[in-house]
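Chains as they are written, first to last, in the working numbering: chain A, 1 to 323; chain B, 1 to 322; chain C, 1 to 322.
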Amino acid sequence: MTQMSYMEAIRDGMRVEMKRDSGVYIAGEDVAQFGGCFGVTAGLYDEFGPDRVMNTPISEAVIVGHAVGAAALGLRPIAEIMFVDFMGCCMDELHNQAAKMKYMFGGKAKVPMVVRTPCGAGLGAAAQHSQCLESWFTHIAGVKTVMPGTAADAKGLMIAAIRDDNPVMYIEHKQLLGLTGDVPDGEYVVPLGKADIKREGSDVTIVAWSWMLQKSLAAAEKLAAEGINVEVLDPRTLVPLDKDAILKSVSKTGKLVIVHEEIKTSGFGGEISAIVAEEGFDYLDAPIKRVAAPDTPIPFSPILEQTFIPSEEKIIEAVKALF
Amino acid sequence: MDIQKKQLLEFYQQMVTIRIFESRVCELFAAGQIPGFVHSSLGQEAIAAGVMACVEKDDKVGLHHRSHGEMIAKGADMNKMMAELFGKATGTCKGKGGSMHIADMDLGILGANGILGAGYAIATGAAFACQYNETKDIALCLFGDGQSNRGPFHESLNVAALWKLPIVFICENNGFGLSNPVKEHLATDCVSDRAAAYGIPGVTVDGNDVLAVYETTLEAVDRARKGNGPSLLEFTTWRWHGHFEGDPAVYKDAQEQEEWLKKDPIPRFAKQLLEQKNATQAELDEMQAKGEALVDAAVKFAEESPWPDVSELFTDVYDRQM
Amino acid sequence: MQMTYAEAIRDAMRVELKRDPKVYLAGEDIGVFGGCFGVTAGLLDEFGPKRIVDTPISENFIVGHAVGSSACGLRPIVEIMFNDFIAVCFDEMCNQAAKVRYMFGGKADVGMVLRMPIGAGIGAAAQHSQSLEGLLTHIPGLISVIPSTPADAKGLLISAIRDDNPVIFYEHKQMYGMPGEVPEGDYTIPIGKADIKREGSDVTIVTWSWMVQKSLAAAEKLAAEGINAEVLDPRTLIPLDKEAILKSVAKTGKLVIVHEEVKTSGFGGEIAAIVSEEGFDYLDAPIKRVAAPDTPIPFSPALEQAYIPSEEKIIEAVKALF
C-alpha cells in the first residue's frame with residue numbers, strides 16, 4: 001500500500017502496464033514532456049521515451065482513429081483526449097469504428113484501446129470544457145465505460161482497462177485528481193463490471209460515481225447524524241453495469257437515489273432508474289429520485305457554476321424527501 | 001501603400017490598449033479575480049490591430065480562444081468584456097461565456113471558441129449568409145497554428161473555395177500548439193502552403209509588423225468583397241506567455257523567447273511612427289495614457305458590477321422556457 | 001390530401017421555402033439527385049440552386065456552416081444522409097449549435113433544422129441503420145422532433161423551421177413510403193405536444209417514430225385478447241410532454257415504452273425514470289421497455305429482423321404486466 005493521489009494512481013496504473021507489456025503506449029496532445037494538460041502523464045516520457053509516450057497535433061479524430069487501427073494490429077494504445085467535451089470531435093472514430101469493428105468483422109478483430117479523458121465542472125471552464133458526458137458512451141454497444149471515484153479504484157480500473165480486449169472509455173474527474181488514498185502496489189486489478197459498496201447502510205441506497213461518490217459519502221455522514229443510514233454504492237463501471245449489486249442493495253433498503261453530475265435528461269441515472277423500475281419494482285417503497293445537474297449548458301460565472309453542480313445539500317434534500 | 005496618419009495612430013492606439021488590457025487580465029487572473037482559463041494574446045497585438053482595421057462593422061468575425069485583442073480591435077466594449085472575464089452580470093455574455101466564449105453578435109463577432117477548429121465552419125456559414133443575402137459583407141475566420149491541424153479546416157476551406165465565399169482565413173502562427181513548437185506539429189513549413197490544395201492565394205507574412213498585416217489583409221478582404229473568393233493568410237508571431245495563464249511554458253527555448261521579445265511589435269511600430277514623423281513622443285504617451293484609463297475604467301466597472309442572479313443559470317438555453 | 005411521409009416532409013419544406021426567402025436547404029446530393037432517399041426531389045427545379053444547395057461530403061461543414069448562417073439570420077435546413085453520420089459532426093451539434101445562445105448570453109438565435117433518417121430494416125448494417133435519438137436529448141439547447149405519421153411530419157417540420165432554436169428532425173426510412181391524410185398549405189403542430197394515437201384504459205404504451213406503427217398494430221391484436229392499450233406518441237422528445245405521459249399512466253397504472261434505439265441509455269430510460277419519480281404512485285406494475293438489444297446492427301436479414309423490436313415483443317411485454 002502506498003498513499004498517493006488519484007492522479008498518481010492513474011499514472012501508476014499506466015506505468016505498471018507499460019513495464020509489463022511493450023505494446024502499451026500513450027498518445028495525445030501534450031502528453032510527453034508537458035505531462036498532459038492536468039499533469040497525469042508527467043514523468044512517463046522520461047521513463048519510457050518518445051516511442052511510448054507520443055505527442056500528437058491537435059487532431060482528435062486521428063488520436064482516437066489511429067488507436068483503432070493500432071489496436072486492431074495488436075498494440076494497446078492509451079489515447080488521451082484533453083477534455084471529455086472534445087469527444088464530439090472524434091465521436092465517429094469511437095462510435096462507428098472502435099465500438100463496431102469486432103462485430104462488423106464477425107469477431108475477427110480485437111480493439112484493445114483505452115481513451116482517457118477528464119470530465120467535470122468546478123474550474124470555471126464554462127460550456128465546452130466542463131461537461132460530464134458518460135451516458136453518451138453507454139449508449140454505444142461495444143464500448144465499456146469506466147468512472148473511478150477513488151485513488152485505489154483509479155489504479156485498479158486503469159490496469160483492467162488496458163488489459164481489456166475492448167475499447168474502454170476511462171473517464172477521470174478533474175476535481176478528484178488531487179484526492180489521496182491508499183493504493184495497492186504493483187499489479188492491482190479491479191475487475192470491470194463490479195460495483196463497490198463504499199458505505200454500508202440499511203435505510204436508502206445512493207448510487208453515485210466519480211466526484212459525486214465523494215459528495216454522496218459526505219452527505220451520508222450528515223444524514224447518519226440525523227438517523228438516516230445510507231448505503232452508498234459505486235458502480236465504478238457503467239458498462240458493464242453491476243445490475244445485481246444495485247438490485248440487491250435496493251431490495252435491502254427499499255429506496256433509491258441516483259446522483260450524477262451529468263445533466264438530468266438522458267443522463268445515465270435514467271438508465272439505472274429504468275432498470276430498477278423494471279426489475280426491482282417490488283422492492284421499492286418510494287419513488288426513485290435523481291440528483292443531477294439541471295438541463296442547461298455549463299455557465300462560466302462561478303456563482304452560476306456552483307448552482308449547476310449537484311451539492312451535498314441537494315443530495316441530503318432528495319434523500320429526506322423519501323422519508 | 002499610402003496610409004493616412006489617422007489610421008497609423010489608430011493602429012498604435014489599438015495595440016497599446018490591447019497590450020494594457022491583456023497585461024491587466026493576466027495580473028487579475030494571477031490575483032484570483034478572474035476565474036477559469038485565460039489564454040493571453042500578449043505579443044500578438046499587431047495582428048488584431050492590423051486585421052480588424054480592414055473590416056466594417058457589419059462584417060462577420062469568427063474567433064478562437066486567444067481573441068481578446070480582436071474583440072477590442074473590432075470595437076467591443078471593454079467594460080463589458082472585462083465584466084465577462086470576471087463572470088459578472090454586466091458582461092458581454094451575462095457572465096455565462098467567459099474568456100473562451102466571449103462574443104458580441106451586435107458587432108458581428110461570432111464568438112471565441114473553446115473547441116479548437118470548430119470556428120472554421122461557423123465563419124464559413126457566416127460568409128455563406130453574406131453571399132446569400134447579396135450584401136457586400138464578408139467574414140473573417142481567425143485561428144491558431146495548432147488548430148490548423150483539425151479536420152474541419154479542410155472541409156471549410158474546400159467549400160469556401162468551391163463556392164467563392166467572401167471569407168478570409170487568417171492563421172495567427174504564434175509558434176506553438178499548446179506545448180508543441182510548430183516544427184513538431186506541422187508537416188509543412190507553413191500553414192499557408194495548404195492554400196495550394198484549394199486553389200486559393202496563400203501567403204505568410206510577418207505578423208509583428210502591423211503595416212504588413214494590414215496591407216495583406218486589406219488585399220484579401222478586397223478580393224473577398226469583390227466576389228473573388230477566399231484567401232489563406234498566415235501571420236507569424238510569438239506567444240509571449242504559456243498556452244494558458246499559469247502554464248510556466250518550460251518547453252520554450254529561452255534564447256528564442258529572448259529574440260522574439262526583441263521583436264515586440266509595439267516599440268517597433270513606435271520607432272517607425274517617430275522616425276517618419278507621423279507621431280510625436282507626446283502623442284504616443286497620450287495614447288498610452290488613454291489605454292491605461294480605458295482599462296482602469298473597465299476593471300472598475302467589472303469590480304463594481306453585480307454577480308448574476310442564480311436564476312440566470314436557467315435562461316438562454318432556448319429562446320423560451322421549455 | 002393523401003400523401004406519403006416523404007411527400008409530407010417535402011411539402012413542409014416547400015411551404016416554408018415559398019413563405020420565407022431566408023429558408024434554404026443544404027446537404028449531400030439533395031439537388032439534382034433529390035437526396036439519398038428522394039425526399040428533396042423536385043425542389044431544385046422549383047427553387048433553384050441558391051436555395052437548394054448541394055455540398056461536398058463534409059458533414060462537419062454542413063452542420064457547422066448552418067450554425068454560422070443561422071446566427072446571421074438565415075434559416076438553414078441541412079440534411080445529414082444517415083443519422084449514423086451525426087458522429088462525424090457531433091461537435092458542431094453538441095458544442096456549437098446547442099450552446100451558442102447560452103454562451104453568448106442569449107444574443108444569438110440558431111434557427112436551424114437538421115434532418116436525418118434513422119432506422120434499420122434495409123440491410124444497411126452497423127453504420128447506416130442506427131436510431132440514435134437518445135444521444136442528442138442529453139444536450140440542452142437542442143430540440144428533438146421525431147414524427148410517426150405523414151401529417152405529423154408536415155406539421156412538425158413547419159414548426160421546426162420556424163423555431164429559433166436548433167431542431168433535430170428524425171425521419172424513419174421505413175415510413176418514407178407510408179401514405180396518410182395530410183392537411184394542405186400552412187399546417188403546424190406545436191413542438192412539445194404529445195398525441196394519443198389510440199385511446200385505451202389498461203396500459204400505456206409510449207412510443208415514437210416507426211415503433212408507433214408497430215405499437216398500434218400490436219394494440220389491435222391485444223384488443224382482440226381483451227387488453228385495451230393506450231398508445232401515446234410524444235412526437236417531440238425535447239421538449240417532452242411529461243404531463244401527457246403522467247396523465248395517461250395515472251389512468252392505466254401500467255407503462256410500456258417502445259423504441260428502436262438500443263435499450264441501454266435509450267430515451268426510454270429517461271421516460272421510465274420520470275414516471276418512477278413523478279408518477280410512482282400511479283404504477284401498479286413494473287415499467288417495461290421494449291427496445292433493440294445492446295449490439296451493433298447486423299447485416300444479415302435473419303439477424304437484423306431479430307434485432308428490430310417486433311409486434312410480438314411488444315405484445316409479450318404488455319401481457320407480462322397482466
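Backbone N, C-alpha and C fix where the C-beta goes; we use that ideal spot for every residue, glycine too. None of these values were measured; they are calculated from a predicted model.
Item                                                                                                                                                                       : Value
Taking contact to mean at least 3 C-beta pairs separated by less than 8 Å, is the segment 27-39 of chain C in contact with the segment 53-67 of chain C?                   : yes
Which partner residues does cysteine 171/B have in the DSSP bridge list?                                                                                                   : Phe143/B and Glu234/B
Could you work out which residues of chain B lie near leucine 44/A, taking near to mean beta carbons separated by less than 8 Å?                                           : In chain order: nothing, as chain B lies at least about 15 Å away.
Which first and last residues belong to the alpha helix (DSSP H) in which alanine 71/C is found?                                                                           : 59-71
Quick one: what's alanine 27/A bridged to in DSSP?                                                                                                                         : Met54/A and Ala79/A
Shortest alpha-carbon distance to aspartate 84/C belongs to which of Gly253/C, Gly155/C, Ser70/C and Ser131/C?                                                             : Ser131/C
Thinking C-beta only, is arginine 150/B closer than 8 Å to serine 249/A?                                                                                                   : no
Could you give the distance in angstroms between the alpha-carbon of cysteine 90/A and the alpha-carbon of alanine 293/B?                                                  : 45 Å
Counting only beta-carbon atoms, is asparagine 83/C nearer than 8 Å to chain B?                                                                                            : no
Roughly how many angstroms lie between the CA atoms of arginine 239/B and aspartate 247/B, to the nearest whole one?                                                       : 12 Å
Which residues mark the beginning and the end of the beta strand (DSSP E) in which phenylalanine 169/C is found?                                                           : 167-172
Under 7 Å between beta-carbons, which chain B residues line up against cysteine 72/C? List them in chain order, please.                                                    : Lys60, Ala126 and Ala129
For valine 262/C and chain A, any beta-carbon pair shorter than 8 Å?                                                                                                       : yes
Determine the DSSP secondary structure at aspartate 12/A, reduced to helix, strand or coil.                                                                                : helix
For arginine 19/B, I'd like the list of residues in its chain whose CB is within less than 8 Å of its CB, leaving aside the five on either flank, ordered along the chain. : Leu42, Glu45, Ile266 and Gly291
What residues from chain A crowd round glutamine 7/B, counting only those whose CB sits closer than 8 Å?                                                                   : Correct list: empty, because the minimum Cβ distance to chain A is about 35 Å.
Per DSSP, threonine 307/A forms a beta bridge with which residues?                                                                                                         : DSSP output for threonine 307/A lists no bridge partner at all.
Buried or exposed: glutamine 214/A, going by 16 or more other Cβ atoms within 10 Å of its Cβ?                                                                              : buried
Whole angstroms is fine: what's the gap from valine 114/A's alpha carbon to valine 15/C's?                                                                                 : 49 Å
Does any CB atom of chain B fall closer than 8 Å to the CB of threonine 296/A?                                                                                             : yes
Any beta carbon from chain A within less than 8 Å of phenylalanine 122/B's own beta carbon?                                                                                : Here residue 122/B is isoleucine; the residue named in the question, phenylalanine, does not match the sequence. Cβ-Cβ to chain A under 8 Å: no for isoleucine 122/B.
Can you tell me whether threonine 280/B is buried or exposed, with buried defined as 16 or more other CB within 10 angstroms of its CB?                                    : exposed
Hey, could you find the ends of the beta strand (DSSP E) cysteine 93/B is sitting in?                                                                                      : Here cysteine 93/B belongs to no beta strand (DSSP E), and DSSP marks it neither H nor E.
For the beta strand (DSSP E) containing arginine 290/A, name the first residue and the last one.                                                                           : 289-293
How would you call threonine 90/B, buried or exposed, if buried means at least 16 neighbouring beta carbons within 10 angstroms?                                           : buried
State the beta-bridge partners of proline 179/C as determined by DSSP.                                                                                                     : Thr4/C
Give the secondary structure of leucine 261/A by DSSP, where H, G and I count as helix, E and B as strand, and everything else as coil.                                    : According to the sequence shown, residue 261/A is glutamate rather than leucine. The answer is strand: DSSP assigns glutamate 261/A an E or B state.
Quick check: the segment 149-160 of chain A against the segment 8-23 of chain A, are at least 3 beta-carbon pairs closer than 8 Å?                                         : yes
Per DSSP, what kind of secondary structure is cysteine 89/A in: helix, strand or coil?                                                                                     : helix
So isoleucine 263/A and serine 273/A are supposed to be a Cβ contact under 8 Å. How far apart are they, rounded?                                                           : Rounded, the Cβ-Cβ distance is 15 Å, inconsistent with contact.
Helix, strand or coil for aspartate 84/C, going by three-state DSSP, please let me know.                                                                                   : helix
For my contact list, methionine 304/C and alanine 120/C are in at a C-beta cut-off of 8 Å; report their separation, rounded to the angstrom.                               : Position check: residue 304/C holds glutamate in this sequence, whereas methionine was assumed. Right, their Cβ atoms sit about 6 Å apart.
Determine, for alanine 224/C, whether the minimum Cβ-Cβ distance to residues of chain B falls below 8 Å.                                                                   : no
Is there a Cβ from chain A that is less than 8 Å from the Cβ of histidine 366/B?                                                                                           : It is not possible to answer for residue 366/B, since the shown part of chain B is limited to 1 through 322.
Which residues share a DSSP beta bridge with glutamine 213/C?                                                                                                              : Answer is none; glutamine 213/C lacks a bridge partner.
For valine 110/C, which of helix, strand or coil comes out of DSSP?                                                                                                        : coil
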